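Student:
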Amino acid sequence: MVEQLSPLGQAFRPGSHGNFANGVGVTLSEIAPGSIVQAAAWPGSEKKMMAAIASVTGLKLADGAGAGAISERHAAFGFAPGKFLVTDVFEGLAAALAGQVGPAIGTATDLSHGRTAIRIEGPKAEWVLGKLFAVDFEQTAFPIGSGISTVHHDIFAQIQRSGADRFDLYVFRSFARSFWKMLCHAADEVGYEVI
Amino acid sequence: MSPRRTPSGGRIDRLRTIRFTFDGVAYTGHQGDTLASALLANGVSLLGRSFKYHRPRGVLTAGVDEPNALVTVLRGDVREPNLPATMVEIYDGLVAVSQNRFPSLNYDVSAVNQLGGKVLSAGFYYKTFMGPVIGPLKGTRFWMMCEHFIRRAAGLGRAGQAPDTSRYERMNAFCDLLVVGSGPAGLSAAREAATSGKRVILAELDPQFGGSANWSGETIDGEPASAWTADIIGELKEHANVRLLKRTTVWGYYDGNTLAALERVSDHKAAAAKGAPRHRHWVIRAETVVLATGAFERPLVFPGNDRPGVMMAAAAMRYANQFGVLPGETIAVVTNNDSAYRAAAALNKAGATIVAIADLRPEISDDCRNLARECGAELLVGHAIIGTEGGKSLKGVKVAHFDAASGVLAGEARNIQAECLIMSGGWSPTVHLASQAGARPVWDAELQAFLPPEPDKGWLGAGAFKGSFSTAECIVEGFVAGRQAAGLAQIEVETRPHIEPAALDPRPAPVFEIKAKGKSFVDFQHDVTADDVRLAHLEGFVSVEHLKRYTTLGMATDQGKGSNVPGLAIMAEAVGKPIPEVGTTRFRPPFAPVSVGALAAERFGDLKPERLTPMHDWHIENDATMYPAGLWFRPMIYGDPGETVEQAYVREARTTREAAGIVDVSTLGKIAVQGPDAAEFLDRVYSNVFSTLPVGKARYGLMLREDGMVFDDGTTWRLGDNDFLMTTTTANAGKVMQHLEYFLDVVWPDLKVHVTSVTDQWAGAAIGGPKAREILASCVTGTKVDNEALPFMGIVHGDIAGAPVMICRLSFSGEMAFEVYSGAGHGMHVWEALVEAGKPFGMVPYGLEALGTMRIEKGHVTGAEIDGRTTARDLHLGWMLSKKKPFIGSAMMDREGLTAPERLELVGLVSLDNRPLNGGAHIVLEADPENPHGSLGHITAACFSPMLGKYIALALVSAGKSRHGKRAQVSDPLRNRFGPVEIVSHHFFDPEGKRMHG
Amino acid sequence: MAEYSAFSLLRHALSGNREWKPAWRKPSPKPSYDVIVIGGGGHGLSTAYYLAKEHGITNVAVLEKGYLGSGNVGRNTTAVRSNYLLPQNTRFYEHSMKMWENLSHDLNYNVMFSQRGVLNLAHTPGQMDDLARKGNAMRHLGVDAHLMTPAEIGRRVPGLDMSQSARFPIVGGLMQERAGTARHDAVAWGYARGADRRGVDIIENCEVTGFLRDGDRVTGVTTSRGEIRAKKVAVAVAGSTGQVLRLAGIERLPIESHVLQAFVSESLKPFLNTVLTFGMGHFYVGQSDKGGLIYGGDLDGYNSYAQRGNLPIVEEVMSEMLAVFPSLATIRVLRSWGGVCDMSMDGSPIITTGPLPGMYLNCGWCYGGFKATPASGFCFAHTIAKDAPHEFNAPFTLDRFNRGTVIDDKGQGPTPRMH
Amino acid sequence: MLITCPYCGPRDVSEFAYQGDGNRTRPDPASTDGDAWHAYVYERLNPAGPHNEIWQHAGGCRAHLAVIRDTVTHEVSSVRFARDHGAPAHVRRKSGAKA
Ligand SMILES: Cc1cc2nc3c(=O)[nH]c(=O)nc-3n(C[C@H](O)[C@H](O)[C@H](O)COP(=O)(O)OP(=O)(O)OC[C@H]3O[C@@H](n4cnc5c(N)ncnc54)[C@H](O)[C@@H]3O)c2cc1C
Ligand SMILES: NC(=O)c1ccc[n+]([C@@H]2O[C@H](COP(=O)([O-])OP(=O)(O)OC[C@H]3O[C@@H](n4cnc5c(N)ncnc54)[C@H](O)[C@@H]3O)[C@@H](O)[C@H]2O)c1
Ligand SMILES: Cc1cc2nc3c(=O)[nH]c(=O)nc-3n(C[C@H](O)[C@H](O)[C@H](O)COP(=O)(O)O)c2cc1C
Ligand SMILES: [Zn+2]
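Chains as they are written, first to last, in numbering that gives the first Met the number 0: chain A, 0 to 194; chain B, 0 to 997; chain C, 0 to 418; chain D, 0 to 98.
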């Protein structure tokens, strides 16, 4: 199989950057899951969609807006009414989900190439993201596992909190390089490491 | 040297000496000084010049309300003009210069403007400079000549031209409670709220928390107020739920309790820390806001009140108590209220001689008498200052008897020598933010001030902001507001804080102006005098808003923080109405000026992100000249060394038509339209039918807007029964997406259709030309690409170099052509494989110019023709308007205006003089370069056609089709291009489409 | 001897400026008038002025709910130009431009009309073609316009980022030299004074609260200062059009009211001697004779009758400003405000008789009606006096949407916030 | 200004795209009633006060919302999904249902 090429190109500069006066504020990385799939249920079929996701990924999603779950291999969260983003470390999730989601339940759309997954982790992750998004990142408002849809000016982003100080951001691939640069810029102040 | 540093006292760090320059002269100050305090300490009392008369000005205040002492701070070539010296913290190496003076602050030639005096009164511009009605200076000429000179003299500081290298940032914050102001009231509120565990933000514009507690000289429950402050701050720092923001001015109160604040992160430093911004623009969404913004002291209006050395009383006290600076050794006082006595006492304690206190009131309290006696001042009750003496610094004041009730002066004027005159005309609560939030201030006759109304929205008030002018009240009110805002039960305050010295009476006498001979300033910076206010009244500009606009009162950089109320009062008197009936002008954001850089934040230097195709880096490496298309970048040409743009695109287009070419089409909008009702949905949004499209085929579609105009076009591919891939033009991708979502969500929610943007999922490479099929055949596996397997508009799936691809045979260039779609992450891989496969066949990459050339030759329309004003019929696409079904736009498309015979229609043009045609040129029957007229339409796109060997163009021409075969002229006076053209069909080349079907 | 002149200024100064007369009287409303004009903005006042001056109709009242000029005439960014694409607009606005050129003399009031040029920047060759199309359209109607090269622009406007590495490099521009700015308040005051001196009653703090009707026919108005009858009632209330026509029972119109914000910087030594527009956004800027940069951008984007803006647009405008003028990051915004714009469905105005008998309507100015002030009043006065449009406003009918003869300069269709 | 999206919660106005007057009724697609179409496409209720509007949470979940918002105070008093509460029910059924 041909590997996907990262859209970040030269903008991805592994190593340490910015102001380290107080240690590393955040770590930035590209997670490059094998699959990113949008699963969208028809109104009324949300539960069936969640069951389909569970049967494919083993992830049980709670009810409610933005609810999500994470395992070693998979991640999933709601980002819009009836819509979920589901990822897999491996390729082939779109086909697997499509197999479970019939036309009566909804649709599965492969976005494995269309979205770039960026991870930001560290004590200053909330602070850095706060510079870019008008969203309350504090854990009480944005619990672990849950996800949101938001936007930084022209750049649309879906964000899942995958740990106490870890967030996974899904942005449109064509914007990924610009977004990455901006994220690095925002992280300069607290010192960041690219891995 | 009159002003000076006291030997001890103040909250500056005397062990840390800081060097800076002002107008090129080196000075020193201490850590904790502002530029104003440091200059005063160095005996400098002339800091600026006023706007209109260029009068010498000193320091009037000690804070954001400063109208006079404006300076420019330089950092290398970067200039920051109009900063109040009272707000500039000094740092080692600070370079500040004065402004609005020539050649120097001391000798300013424009000071002659003062001689203009009464002629340069309010509104004089409107009455003159109109010039003659005939002759060479008629019309606007004379005025513009005058204006030229007026503009030379206008303006305060000078903007620089060097790009600012600072960073600016934005920060989003959320809290339950935002406390604005950290004086006794704000601190007390924050302390209470903090215990609730609620998220609290405390914002203070000063470099240190504490507000007036830093310099009031009071004790709170036996402890110096500054220590009380330090205790609370220490306590607040322990709370994880509290964020303390100093140097942070809350400047905007927007809808939904969204507040904007400016944090000056690095201005007080010689250099910002690595990665740190100069300013941070905070956007704070607060459940509740506690406004504890204090009050501004107002000046009194009397002749010569603007001379350097005249200062607000509380400011003078602050200089003494906080900065260890005496604004003068001999100080006179003029006041209409008690608070100036405290100032006099403080200044006296710090070492100044208080020569006299002129109190406008006929009687004063014993407390005041005692204070006056304690500081050894001559007490002149029922007296007023009627003039000041000195040039650029105060030498003395003139005092006369004054009757507050009638405003009448009596007796001989007396001269009193003084280096400094401090004044107090009462206090105006800082109601700006509440007013921005929609609260209408109410006049309080006791306090002679506008107070905030009872809160009804997302805010509460406390302290001097509410007109509570004693520290004890401030602390209690803060306590109550803090608890209320944090949702805590109200409890009785056990013991009211004990404040020493005891509070004085806060009520001023209702005297705002002392009428005597000479210029008495109301708005200091704008040189608006009391007479200007009366002139405005005489001419009928009595509404406060008219007063403001006619005289510019309150429109300067301080926005009338001190001057508004005195101005109003003078107008009220002239009209003979009470102040509240005259009203007050509207407060607007920002509360204090905000740097443009801060508001642009991370977009400074980077307005928009770049959108890149998966093959972007290849284009750059292969010398493509990139062309911005919205946020995207697309190759325009891949020029060879020495080639012109025209040579390059002609080569690319010709090679494509002769052999093959490849172009990156990844930017086309792509939308997955999925679901059982997808076909039905497409029938409704496209003007033509899609439900009949078989799986594995694509169709060209046209969309109209509801008003019947053409909206967008593109091909849509049926990948499965319920699965379509729609393509849109690059420019309209977002708009089409929104259009589809709107109809699905709002108009037809019963349709089971999902639309998803997959623009970024797919890389697209279009290869076309007579060799295209061979090239494809040589590199595709897993499918055939011959006519049978892949007929025109057919779709197949296969692999290229191991990557899965989807290929549709469709043509924009008019050649035998294929669009090869692969996963975007494979785009580069597939592209390189295609380029490699094309090499033996002489295939070239081509850019937008060649793409445009080939589409013009074919007469295909794009955004230049689909400009929002054309109908399908205008573009000869009437055949795509289905008669079998209604569709979006079908109901409106036949209105008379959309079917009129004289409408602009798409035509082709051929240049008959073999010279290039230009987009935007107009078409006329007879060109008249001297007097262009009679436009019939315009050129939308033009090129040199390698196939026709001619310069050709597409154009929209009135009744165009009827003119086929006729001659006309291009008329392009802007580029001085005139010449003959023939109007022809827009299908220039291969009208039957043999090549693409081939 | 003109009432206002350098000489009179001197004479009055010598007498201590104590003998100036009010710029306009403050009359109480009469029971009836020949014509009532609702709205003391630029258009209402100029309409009254031209009714008196051109048609001899002087028994006229202008009713203004607040202080004179409290609407958009007092809160606009003062750009005056006639650089339109479509001929109906260009003809109308060019007529206005010609009137501007003589307005100060006509009114004996210096409205400070300064023809310092309006320059539209282009950032791609495609935009240059669009500007050329517009400029050529203007030239074919006898209106001045010329293209400028980057080098010329750089010389004309110091501080602009002319580097080709800019995110949106400047590749050229379209200049209308005769365009410029005027002192907005002076326009209102000058017309008010001119109308007043010709007998028009200008009545402030007089809000129209309803219409008097005889069947369908409008016969007057009720106001916060009582009933006033009139043979003809003309409505020129800009952003309040929806509210006022609702008083006459007209619920729906091809108009939406939207807020547009504007900004003024702290006063700076003048360096920008033309009006400039950015081609990759909505930003535009000029510098007043006081030295403040006067600038703005896009609408807030939703219906509003509040003269108050939102924060995202503030940020947007500032970002766009720095995209063209990176050196202005240290400059500070002094004040921001909002005005309520009467956005029409095609971005062009409506000046017409009706929609009810006895009523006349002037609206749909979007954020471009300041420059129209003279021609709007002139044409509206004609329409009121003659019960028929002047040739310049004949295309600006209310039924053009029905008929499809829209005048859509931006090609945006019926999305008012996009015009 | 904040709008509380029923899915995403309170979000800044900058995340939303205004889609205008929510009081308009789209005529039956097959209707040839010119006045009805004119009213739908060109006429707007433009009240000063509470207004029914359609907004899209374009920078979020992308759902369309039926919002009641005061055009004078900008206070948002109600937000619901437009697909449930947008256009009047009869319109949806007529034009939407597949027979
Ligand atoms: C921020 C901003 C920038 C702009 N920039 C430009 C520009 O650069 N160039 C340009 O050409 N145009 C510009 N415009 C547009 C221009 O200002 C307006 O189109 C024009 O001023 C509208 O006409 P007017 O002056 O008559 O309106 P207004 O001044 O708004 O007059 C309408 C008057 O009607 C009154 N009124 C309303 N209801 C009632 C009632 N019931 N009873 C009595 N009176 C009532 C109002 O109080 C108001 O005074 C801008 C607008 C704004 C808001
Ligand atoms: N007549 C009088 O004697 C008189 C009058 C007024 C005040 N006072 C005294 O002043 C004190 C008032 O206490 P208080 O707490 O109400 O006010 P304060 O003046 O002590 O504190 C207000 C604080 O708010 C800050 N501030 C104002 N606007 C701000 C903004 N937009 N953003 C951020 N910070 C802002 C100011 O910098 C100041 O530090 C009392 O001690 C009172 O006795 C006395
Ligand atoms: C062209 C123009 C220039 C302005 N210049 C200034 C200025 O220098 N200082 C100022 O405070 N306000 C200035 N303003 C803004 C006014 O103070 C005021 O905000 C505006 O007229 C709207 O009125 P409002 O704020 O009372 O609603 C200017 C307004 C305009 C239209
Ligand atoms: Zn949402």
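For glycine and all other residues, C-beta sits at the position ideal for the given N, C-alpha and C.
Given the structure is predicted, the values throughout are model-derived calculations rather than measurements.
At what residues does the beta strand (DSSP E) containing P9/D begin and finish?
Tutor: From DSSP, the beta strand (DSSP E) with P9/D extends over 8-11.
Student: In chain order, what residues of the same chain lie with their CB nearer than 7 angstroms to the CB of T105/D, ignoring the 5 residues before and after it?
Tutor: Since the first and last residues shown for chain D are 0 and 98, residue 105/D lies out of range.
Student: Please list the residues of the region 239-262 of chain B that have a C-beta atom closer than 9 angstroms to any C-beta atom in chain D, keeping them in chain order.
Tutor: So the list reads Y253, D254, G255, N256, T257, given in the order they occur along the chain.
Student: Under 7 angstroms between beta-carbons, which chain B residues line up against R43/D? List them in chain order, please.
Tutor: The premise fails here: R43/D is roughly 13 angstroms from chain B at the closest Cβ pair, so nothing lies under 7 angstroms.
Student: Closer than 6 angstroms to a non-hydrogen atom of ligand 1 - does that hold for the CB of C942/B?
Tutor: C942/B: no, Cβ never under 6 angstroms from ligand 1.
Student: Determine, for A305/C, whether the minimum Cβ-Cβ distance to residues of chain D falls below 7 angstroms.
Tutor: Yes, A305/C counts as interfacial toward chain D.
Student: Have a look at G959/B and G858/B and give me their C-alpha separation to the nearest angstrom.
Tutor: Whole-angstrom Cα-Cα distance: 14 angstroms.
Student: Since P183/B is in the alpha helix (DSSP H), which residue starts that stretch and which ends it?
Tutor: Per DSSP, P183/B belongs to the alpha helix (DSSP H) from 183-193.
Student: Is it the case that the CB of T76/C approaches a heavy atom of ligand 1 more closely than 6 angstroms?
Tutor: Checking every heavy atom of ligand 1 against the Cβ of T76/C, one is found closer than 6 angstroms.
Student: For the beta strand (DSSP E) containing F817/B, list its first residue and its last residue.
Tutor: Where F817/B is concerned, the enclosing beta strand (DSSP E) stretches over 816-822.
Student: Just the C-alpha distance for G105/A and I619/B, rounded to the nearest angstrom, thanks.
Tutor: For G105/A and I619/B, the distance between alpha carbons rounds to 41 angstroms.
Student: With 9 angstroms as the limit, tell me which residues of the region 270-299 of chain B have their beta carbon closer than that to any beta carbon of chain D; keep them in chain order.
Tutor: Cβ contacts with chain D come from V282, R284.
Student: Measure the beta-carbon distance from A999/B to L325/B and round it to whole angstroms, keeping in mind my assumption that it falls under 8 angstroms.
Tutor: Any answer about residue 999/B is impossible in this case: the structure gives chain B only from 0 up to 997.
Student: Given a cut-off of 7 angstroms on the beta-carbon distance, is the pair F21/B and A95/B in contact?
Tutor: Yes, the Cβ-Cβ distance between F21/B and A95/B is below 7 angstroms.
Student: Out of H615/B, I922/B, L701/B, state which residue places its alpha-carbon closest to the alpha-carbon of L908/B.
Tutor: Of the listed residues, the one whose Cα sits closest to L908/B is I922/B.
Student: Does the count of Cβ pairs from the region 251-266 of chain C and the region 96-105 of chain C closer than 8 angstroms reach three?
Tutor: As far as the Cβ criterion goes, the region 251-266 of chain C does not touch the region 96-105 of chain C, which means the pair count is below three.
Student: Taking CB distances under 7 angstroms as the criterion, tell me whether R160/A reaches chain E.
Tutor: This model lacks chain E altogether; the protein chains it does include are A, B, C and D.
Student: Can you name the residues of chain D whose CB is closer than 7 angstroms to the CB of N309/C?
Tutor: Under the 7 angstroms cutoff, chain D gives M0, V12.
Student: Considering just the uninterrupted stretch of the alpha helix (DSSP H) at H985/B, what are its terminal residues?
Tutor: H985/B -> no alpha helix (DSSP H), and no H or E assigned at all.
Student: Please classify Q489/B as buried or exposed, where buried requires at least 16 other C-beta atoms within 10 Å of its C-beta.
Tutor: So Q489/B counts as exposed.
Student: Please name the residues in the region 739-766 of chain B whose beta-carbon is closer than 7 angstroms to at least one beta-carbon of chain D, in chain order.
Tutor: Taking 7 angstroms as the Cβ-Cβ cut-off against chain D, the residues of the region 739-766 of chain B that qualify are E740, Y741, D744, V745, V746, W747, P748, D749, L750.
Student: Taking G193/C as part of the alpha helix (DSSP H), name the residues at either end of that continuous run.
Tutor: Run containing G193/C: 183-196, per the alpha helix (DSSP H) assignment.
Student: For the alpha helix (DSSP H) containing N369/B, list its first residue and its last residue.
Tutor: Residues 365-373.
Student: Hey, is the region 566-583 of chain B in contact with the region 237-244 of chain B, meaning 3+ C-beta pairs nearer than 8 angstroms?
Tutor: The region 566-583 of chain B is not in contact with the region 237-244 of chain B.
Student: For A628/B, list the residues DSSP reports as bridge partners.
Tutor: For A628/B, which the question treats as bridged, DSSP gives the partners W631/B.
Student: Compute every distance between the C-beta of W458/B and the non-hydrogen atoms of ligand 2, then say whether any falls below 6 angstroms.
Tutor: Flag unset: Cβ of W458/B not near ligand 2.
Student: Rounded to whole angstroms, what is the Cα-Cα separation between K518/B and S427/B?
Tutor: Going by the C-alpha atoms only, they are around 24 angstroms apart.
Student: Considering just the uninterrupted stretch of the beta strand (DSSP E) at N302/C, what are its terminal residues?
Tutor: Counting along the chain, the beta strand (DSSP E) containing N302/C begins and ends at 292-302.
Student: Should R438/B be flagged as near chain D, meaning a C-beta pair shorter than 7 angstroms?
Tutor: Reading off the sequence, residue 438/B comes out as Ala, not Arg. For A438/B, the answer is no, since every Cβ of chain D falls outside 7 angstroms of its Cβ.
Student: From the DSSP output, in three-state form, read off A98/D for me.
Tutor: Here the model assigns A98/D a pLDDT of 31, short of 50, so the residue's position is not dependable, and the following value carries that caveat. Note: A98/D maps to coil in three-state DSSP.
Student: Please name the residue, chosen from P30/C, I202/C, A5/C, L333/C, that lies closest to L119/B on a Cα-to-Cα basis.
Tutor: When only C-alpha atoms are compared, the closest one is A5/C.
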